[in-house]
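Residue numbers (this note's numbering): 36 to 227.
Spelled out as structure tokens, the structure:
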């Protein structure tokens, strides 16, 4: 559901009512970019209504290939989606994206969550066996999209649970990718 901002402008003899509609992302929305893999047959579900987190995914059972596009409304925050054996952060693997502080394309990296401190959230590129380079995009209303594809049969990440996290408001990661502690998290059994 979108939001509607109304502006009433009045002059000496004329009042004009202007409505600006901002469309939020939904399962019916087209993606604002083209992922580097096929998205035909994707299942779509709102997984966290507080942040309008939407998971578009397809698990090819025979090949054990998981294709994901996750989106979330953000306010200069990082957005993460992780995989966990027990639903807990420690030991999980996560993909995390945020808008570029320099105005370029959003950044996306893989992290291994070794412990609950910011120092224990370590950039990695070996836990989740990614088949293609992950991608990220930001649409005009501040929704961040992250796309990746992984071979779960070659991955050491366990995907029994899916984790979501939103970083602190107006606090993007530094150039070295160190993440500050999240503002909010969600954990649920995986259903791809």
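Built from N, CA and C at the ideal position, the CB exists for glycine as well.
Rounded to whole angstroms, the separation of the alpha carbons of residue 215 and residue 187 is 28 Å. Apart from sequence neighbours up to five positions away, the residues of its chain that approach residue 173 with a beta-carbon distance below 7 Å are 134, 141 and 179, ordered along the chain. Pairing residue 190 with residue 128, the inter-Cα distance amounts to about 10 Å.
The C-alpha of residue 223 is placed about 9 Å away from the C-alpha of residue 195.
Fully enclosed beta strand (DSSP E) runs of no fewer than 3 residues occupy 50-57, 78-83, 88-95, 100-108 and 114-119 of the segment 47-131, in order along the chain. The shortest CA-to-CA distance from residue 155 to any of 175, 83, 117 and 126 is the one to 126.
The three-state reading of DSSP puts residue 154 in helix, counting H, G and I together. Residues 145 of the same chain have their beta carbon placed closer than 7 Å to that of residue 160, with the five preceding and five following residues left out of the count.
In the assembly as shown, residue 88 is a buried residue. Its beta-carbon has 16 or more other beta-carbons within 10 Å.
Annotation: the continuous beta strand (DSSP E) that includes residue 224 extends over 219-224.
Going by beta carbons, residue 119 and residue 72 fall outside the 8 Å limit. Counting the other Cβ atoms within 10 Å of the Cβ of residue 86 gives 16 or more, which makes it buried.
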